[in-house]
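Asker:
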Amino acid sequence: MNKKDVLILSVIAMVVGAVFFGDQVLSIFRGMSPLEAMKFIVNFLLHVVVLSILSFLLYGLVEFAGPVMKLIRGRGSKVQRRRGTEVQKVQAPRLNTNQALRMFALKEMMKGSRRESPPTAPQDDNQLRF
Amino acid sequence: MWRIEFLFVAMLFVALFTGSGLMVIVLVKAVRNGEVQRLWKDVRDE
């Protein structure tokens, strides 16, 4: 999807939204004086801006909090090492779905090849048994 | 690949466009109804 397509789609969505919900949105301002309506709109804009900035900061906080948490955990393990209670972490190798499926397919193929080719008797006649 | 930052920026822009559009509509309606002129007259009288 190109950026231009997104722009066109969003414009179409806005036009459709304006056609269907224009009256409902404008009816909010019907009982207001123009100053009140402008105050309402500016308040709405401020709310959206502040909320989006806060959510953006919250999202970006993960990148800062991750290393800090790692640092704190690392410190804890260092203390444990000093005390002599080192715990060996045994981590199983993590495979993604693709790798796991590939391993499974390989195993199945090996099984199948074993079943399909039973040990055959030597058919050459350079060994004559009497 | 779209990043999530794009969503926040898009949200901001949608709010900005909607707000400015609403503002224009409200102002045009108020000018047409003569409410702006009345307000301006009140301000001038004071």
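Sequences listed follow chains A and B, in order. Take the first sequence: its position 27, counting from 1, is numbered 27 in our numbering, and each next residue is one higher. Take the second sequence: its position 41, counting from 1, is numbered 41 in our numbering, and each next residue is one higher. From the three backbone atoms N, C-alpha and C, an ideal C-beta is built for every residue, glycine too.
Going by other Cβ atoms of all chains shown within 10 Å of its Cβ, with 16 needed for buried, is A:Ile8 buried or exposed?
Answerer: Classification for A:Ile8: exposed.
Asker: B:Asn33 lies in the alpha helix (DSSP H); which residues open and close that run?
Answerer: B:Asn33 -> alpha helix (DSSP H) spans 4-33.
Asker: What are the residues of the stretch 23-38 of chain B that lie near chain A, defined by any Cβ-Cβ distance shorter than 9 Å?
Answerer: For the stretch 23-38 of chain B, which is checked against every Cβ of chain A, the residues closer than 9 Å are Met23, Ile25, Val26, Leu27, Lys29, Ala30, Val31, Asn33, Glu35, Val36.
Asker: Could you tell me which chain B residues have their CB closer than 7 Å to the CB of A:Met38, listed as they occur along the chain?
Answerer: Those are Met23, Val26, listed as they occur along chain B.
Asker: Could you check whether the stretch 50-61 of chain A touches the stretch 24-39 of chain B, counting it as contact only if at least three pairs of C-beta atoms, one from each stretch, sit closer than 8 Å?
Answerer: Touching, no.
Asker: If we ignore side chains and look at the alpha-carbon of each, how far apart do A:Asn2 and B:Ala15 end up?
Answerer: For A:Asn2 and B:Ala15, the distance between alpha carbons rounds to 23 Å.
Asker: Does the distance from the C-beta atom of A:Phe44 to that of A:Met32 stay below 8 Å?
Answerer: Going by C-beta atoms, A:Phe44 is not nearer than 8 Å to A:Met32.
Asker: Going by DSSP in three states, A:Leu61 sits in which element: helix, strand or coil?
Answerer: In the structure shown, A:Leu61 sits in a helix (DSSP, three-state: H, G or I).
Asker: Taking only the alpha-carbon atoms, compute the straight-line gap between A:Met38 and A:Gly74 and give it to the nearest angstrom.
Answerer: The straight-line gap from Cα to Cα measures roughly 54 Å.
Asker: In angstroms with no decimal places, state the Cα-to-Cα distance between A:Pro34 and A:Ala65.
Answerer: In a straight line, the C-alpha of A:Pro34 is about 46 Å away from that of A:Ala65.
Asker: Can you give the Cα-Cα distance for B:Phe8 and A:Val50, rounded to whole angstroms?
Answerer: Whole-angstrom Cα-Cα distance: 11 Å.
Asker: Specify the secondary structure class of A:Val90 as computed by DSSP and reduced to three states.
Answerer: In this structure, A:Val90 counts as coil in the three-state DSSP scheme.
Asker: The alpha helix (DSSP H) that contains A:Ile28, what's its start and end?
Answerer: Here A:Ile28 belongs to no alpha helix (DSSP H), and DSSP marks it neither H nor E.
Asker: With 8 Å set as the bound, which would you pick, yes or no: does the beta-carbon of A:Leu7 sit closer than that to a beta-carbon of chain B?
Answerer: Cβ-Cβ to chain B under 8 Å: no for A:Leu7.
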